[in-house]
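Numbering (the numbering used here), first residue to last: 7 to 216. Below is one structure; the comments refer to it alone.
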Ligand code: MN3
C-alpha cells in the first residue's frame, strides 16, 4: 500500500481570519471539505493501485476523474491555507521586494492587480479557483482561472503562487450570494510573505532549469 495523504493542520485558529472569514466557514472548509478531498483521494488511489495490479486499464482510466478532482482539491486547499494569514500577523501586507516590483511591472500597482484579479474571479461560472501564478514559458506573472478543483500546474503548466477559492462553500455562510464582497475583503488576510516565498521558489526553479 502506498502512503496515504493526510489533512495538513491549519497554521492558525479557525477564527483567526475573522472578520474577513468566519470561524464557522474555516472549520467546515478545513474539517469537512478539505478532509473529504483527502479521504476520497486515498480511496481512489487505493482502487487505482488495485486496478493497476489487475492490469484493468478500463478501471484505471475511469478512476482518473476522481483522482484529478480530489487530488486537485487537496493540492489547492493545502496552498490556500498557507496563502492566508490573520490581520496583524502579516495578513494583507505586501512588503517591498521582487514580488511587489513584478506586480507593479505587470499591472501598474497592487490595487490595479487586485481589481483585475477580482474582475476575473468574480464572474467565474460555477465552482473554481482564481490564481496568481508564474508562467515559466513567458517568464511572467499571470492571473489564471481554473474550473472545479483543477490544479493550476498539472492542468496549465503555471506555477501557483496565490489561489483564491471561489467555490460557494468558501464564502456563502457569511457573504451569501455576494461573491464580490468576499473577493473585496479577502485581500485583508492574504499572506503576501508566503506568496513571495513561492515566487522566489518559482524563479529558482527557472534558474535551475537553464
Ligand atoms: Mn474550498
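Cβ atoms here follow ideal geometry from the backbone N, Cα and C, with glycine treated the same way.
- The Cβ neighbour count for residue 117, taken over all protein chains shown within 10 Å, is under 16; the residue is labelled exposed.
- Checking the 7 angstroms criterion, the Cβ of residue 87 is out of range of every heavy atom belonging to the ligand MN3.
- A straight-line Cα-Cα distance of about 45 angstroms links residue 179 and residue 60.
- Take residue 146, set aside five residues on each side of it, and no residue of its chain has a beta-carbon closer than 6 angstroms to its own.
- In terms of CA proximity to residue 196, 92 leads the group 181, 110, 92 and 152.
- For residue 35 and residue 111, the gap between their C-alpha atoms comes out near 35 angstroms.
- Beta-bridge pairing by DSSP links residue 150 to 137.
- For residue 171, the enclosing beta strand (DSSP E) starts and ends at 164-171.
- Comparing C-alpha distances from residue 46 to each of 64, 10 and 142 shows the shortest one belongs to 10.
- As a beta-bridge residue in DSSP terms, residue 196 pairs with 90.
- In the structure shown, residue 97 adopts extended strand secondary structure according to DSSP, grouped into three states.
- Annotated as proximal: residue 165 and residue 139, with beta-carbon spacing under 8 angstroms.
- Going by beta carbons, residue 69 and residue 42 fall outside the 8 angstroms limit.
- For residue 100, same chain residues with a beta-carbon under 7 angstroms away, outside a window of 5 residues either side, are 106, 116 and 198 in chain order.
- Contact annotation: the segment 148-164 does not touch the segment 183-190, with fewer than three C-beta pairs closer than 8 angstroms.
- Distances between the C-beta of residue 173 and the heavy atoms of the ligand MN3 include at least one below 7 angstroms.
- Between residue 84 and residue 14, the C-beta gap is smaller than 8 angstroms, which places the two residues in contact.
- The beta carbon of residue 44 sits closer than 7 angstroms to those of 11, 12, 13 and 80, all from its chain and outside the five residues before and after it, given in chain order.
- Comparing C-alpha distances from residue 86 to each of 30, 137, 62 and 143 shows the shortest one belongs to 137.
- Distance from residue 98 to residue 194 at the Cβ level is roughly 4 angstroms; contact confirmed, criterion being Cβ atoms closer than 8 angstroms.
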